[in-house]
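Per my numbering, the sequence shown starts with residue 2, numbered consecutively. Virtual Cβ for every residue (Gly too), placed ideally from N, Cα, C. Nothing here was measured: the structure is a model prediction, and the numbers come from that model.
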Amino acid sequence: MQPHDLDVCTGGTLSLSLTAEGDGLRYAWYRNGEYLGNNSPTYTAPTVAAQYGGTYYCKVESEFDCPTAYSDTVTVTVGTTPAITMQPQPAIMALCEGAEYELAMAASGDGVHYQWYNNGNALEGQTTPNLHIDHVTRNNDGVFYCIASNACDEARTNNATLTVNNAPDMTLGRDIHACRGESVVLEPQGDEEYAHYSWNHGTYGYQSMINVTLSGTYFLEVSDSAHGNCVARDTVVVTFHDYFDIAFDTMPIVTCGEFVLDAGAGASEYMWSTTEMTSSITVGMNGYYM
């Protein structure tokens, strides 16, 4: 029986054996060409260290001067168990929902595989020493850690803690249409108050409400400490329209038969005294129409 290649881990046990036939046999084991002694068909190292890796063979001699025999040369590969050399950094972080999140750790060892976990759940695709999440959600709030493993063992990092703050739930409501010459008050809907307000990055002020008289796109950003100073933003479009000029003749209209009253095109809505809602109507009775 010949010895065979072997994979062992540091701290484990190495054992190589052979079977030889003959009388008065003597055994001599070699590692990387250096004599190890051990006059036995089995070579054992009870506690393996990294230097035990290499090539091994055994020379078998007979005390009766018979020809010397050599075993097959085999390779022993010593793997080192994983060890965490850098704990996840940063250890504590607070972010706003939707922000980017990164962690970094390091481990030593041979053939190490990495797996990151969030609140005990393995994160798909997070299998390198560096964790990267493009947009965190409230579900990510909690602890992160990494397990480094190989054929020998596994090692777990310390926890890194992430707090995910949600932005205020703020809205400016629907877009606004008004008539030119009027003014419109813009303010967040609801009763909640915030510590900080900024209209169009401060262009229109830092108060909770503004009066506007010009058409345009207005956006408000709000934040407060209760929401981790996370910023909520909403946009509203204000459009001021010119008054529609209806050019009816002020003189009474005398006609034979039906007559078409035309208010002209271009208005957004029409409402006649007849309840019709088109730009023109056909009338065939005496009366006042508006």
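* Candidates Ala-268, His-133, Ala-84, Asp-243, of which the one nearest Asn-151 by Cα -> Of all alpha-carbon atoms in Ala-268, His-133, Ala-84, Asp-243, the one lying nearest the alpha-carbon of Asn-151 is that of Ala-84.
* Output the boundary residues of the beta strand (DSSP E) element that contains Leu-163. => DSSP places Leu-163 in the uninterrupted beta strand (DSSP E) bounded by 161-166.
* Would you report the Cα separation of Thr-48 and Ser-226, rounded to the nearest angstrom? -> C-alpha separation (whole angstroms): 57 Å.
* By Cβ distance, which residues of its chain are closer than 8 Å to Glu-103, with the 5 residues on each side in sequence left out? -> The beta carbon of Glu-103 sits closer than 8 Å to the beta carbons of Asn-131, Leu-132, His-133, Ile-134 from its chain, once the five residues preceding and following it are set aside; these are given in chain order.
* **Sub-7 Å separation of Val-137 and Val-185 beta-carbons** => Result no, Cβ atoms of Val-137 and Val-185 do not sit closer than 7 Å.
* Tell me which same chain residues have a C-beta within less than 7 Å of the C-beta of Val-77, skipping the five on either side of it? -> In chain order, Leu-7, Val-9, Leu-15, Tyr-53, Gly-54, Gly-55, Tyr-57 place their CB closer than 7 Å to the CB of Val-77, counting only its own chain and leaving out the 5 sequence neighbours on each side.
* To do: Can you grab the Cα-Cα spacing for the pair Met-210 / Asp-250, in whole Å?
  => Met-210 and Asp-250: Cα-Cα distance of roughly 44 Å.
* **Residues of its chain near Gly-206, where Cβ-Cβ distance is below 6 Å and the 5 sequence neighbours each way are ignored** => Hits under 6 Å: Trp-200.
* Is Gly-54 helix, strand or coil by DSSP? -> Reduced to three states, the DSSP call for Gly-54 is coil.
* **Within 7 Å, strictly: CB atoms of Asn-166 and His-228** => With respect to the 7 Å criterion, Asn-166 and His-228 are classified as neighbours on the basis of their beta carbons.
* **Cut-off 7 Å between Cβ atoms - residues of its own chain near Ile-93, not counting five sequence neighbours on either side** => Here the set comprises Thr-162.
* To do: Can you give me the Cβ contacts of Asp-246 inside the same chain, cut-off strictly under 7 Å, excluding the 5 residues immediately before and after it?
  => So no residue of the chain qualifies.
* Assign Ala-149 to one of two classes, buried (16 or more other C-beta atoms within 10 Å of its C-beta) or exposed (fewer than that). => With 16 or more other Cβ atoms within 10 Å, it is buried.
* **Proximal residues to Thr-11 (C-beta, below 8 Å), its chain only, five neighbours per side dropped** => Around Thr-11: Val-49, Ala-50, Ala-51, Val-79, Gly-80, Thr-81, Thr-82, Cys-153.
* Compare the Cα-Cα distances from Cys-257 to each of Ala-21, Asn-287, Tyr-271, Ser-280 and report the closest residue. => Checking every option, the nearest Cα to that of Cys-257 belongs to Asn-287.
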